[in-house]
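Chemist: Okay, here's the structure, questions in a sec.
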Amino acid sequence: SLQPSDTPGPHPPLFLVHAAGGTTDVYRSLVERLGGERPVYGLERVEEARTVVEKARRYAETVAAVHPDGPCLLGGWSFGGFVAQETARQLTAAGRDVRLVVLLDSVRPLPRPEGTPAERIRAHFTGFARHAADAYGVELDLPYDELVATEDDGERVDTVLRALREAADVPQAALDHQRASYVDLRIGEAHRPGRHDGRVVLYRATEPAPHTVRDPAYERDDEALGWDEVCPRLTVVRVAGHHLSLLDPPHIDEIAAHLRRELAGETR
């Protein structure tokens, strides 16, 4: 689905992809600060698409339907950047002119440490239990042996969310968001981005993420967060915030000002 922001005109439209488990409402502050000179569309979550490549295929079709001719711009925060980069690859392969891909602190995950699948499952959900303790003030007693024995990842997270619901008065909407976020993050981890030769700008947070959302796979210290390996025309812009604060003032003001300069002169 799409959320058009007003104006047709000479400037190529910007398509922003939802973040993990969320909607494109997170970009409202950015869109307001970009001004009204270009159309901005939000590409919302497609539940049934279970890989980044499949999500990107759906979004490339949507872009082509809404904006069949002329150049376009793509972007996204975090997981949304993964999907935006792959969507740009698919559109470019189809002959479209993608002028710029905007990555808002999208981090290519590091390889998981060696260990058995059981150890990785246990480590992941131990981390979720810590997150639940911080976010909801409850100690989760998770059935780790049952989680290891469960083959379907979706069933695993349902088991964990049932335990959370029994331990704390968590609204159903919050549980639904947790599940969707988990599914999208696993989809992102499984994705191996391919090469994209177009222009890419990465707005990179310089401060560590709050401990409630930290995951060793995403704690990279390289400047390009892994994107220089697949995006040869990459520009990195350091922003003095952390992963969750990047879309809030004053950081979003800095990003919007830079992006407006980056897009100045881009016409159809």
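Under UniProt numbering, the residue at position 165 of the sequence shown is numbered 165, and the numbers go up by one with no gaps.
Here a beta-carbon is modelled for each residue, glycine too, at the ideal position from N, C-alpha and C.
Tell me which residue opens and which closes the beta strand (DSSP E) that residue 271 is part of.
Modeler: A query on residue 271 cannot be resolved here, the shown segment of the chain reaching from 1 to 268 and no further.
Chemist: For ASP141, decide whether its Cβ has a neighbour in chain C, counting only Cβ atoms nearer than 8 angstroms.
Modeler: Of the protein chains in this structure there is only one, and it is not chain C.
Chemist: With DSSP as the reference, label VAL53 as helix, strand or coil.
Modeler: Sequence index remark: in the sequence shown, residue 53 carries index 53 (1-based). Reduced to three states, the DSSP call for VAL53 is helix.
Chemist: Please classify GLU86 as buried or exposed, where buried requires at least 16 neighbouring CB atoms within 10 angstroms.
Modeler: Mapped onto the sequence shown, residue 86 falls at position 86. Looking at its Cβ environment, which holds 16 or more other Cβ atoms inside 10 Å, GLU86 is buried.
Chemist: Indicate the three-state DSSP secondary structure (helix, strand or coil) for THR23 in the structure shown.
Modeler: If you number the sequence shown from 1, residue 23 lands on position 23. Of the three classes helix, strand and coil, the one that applies to THR23 here is coil, per DSSP.
Chemist: Going residue by residue through the region 59-122, where are the continuous beta strand (DSSP E) segments of at least 3 residues, counting only ones entirely within it?
Modeler: Listed in chain order, the beta strand (DSSP E) elements of length 3 or more contained wholly in the region 59-122 are 72-77 and 98-104.
Chemist: Okay, do the region 224-242 and the region 189-200 touch, 3+ Cβ pairs below 8 angstroms being the bar?
Modeler: yes
Chemist: With three or more C-beta pairs closer than 8 angstroms as the rule, is the region 128-138 touching the region 234-249?
Modeler: no
Chemist: For PRO55, I'd like the list of residues in its chain whose CB is within less than 7 angstroms of its CB, leaving aside the five on either flank, ordered along the chain.
Modeler: In the sequence shown, residue 55 corresponds to position 55, counting from 1. It should be pointed out that residue 55 corresponds to Lys in this sequence rather than to Pro. The answer, listed in chain order, is VAL46, ALA49 and VAL83.
Chemist: Return the CA-CA distance between GLY42 and VAL102, expressed in angstroms with no decimal places.
Modeler: Mapped onto the sequence shown, residue 42 falls at position 42. Mapped onto the sequence shown, residue 102 falls at position 102. About 14 angstroms.
Chemist: With GLY226 as the anchor, note down where its beta strand (DSSP E) starts and where it stops.
Modeler: Reading the sequence shown from its first residue, position 226 is the one you call residue 226. Looking at the DSSP string, GLY226 is not in any beta strand (DSSP E), and its letter there is neither H nor E.
Chemist: Which stretch, first to last residue, makes up the alpha helix (DSSP H) that contains TYR182?
Modeler: Position 182 of the sequence shown holds residue 182. Unbroken alpha helix (DSSP H) run through TYR182: 172-190.
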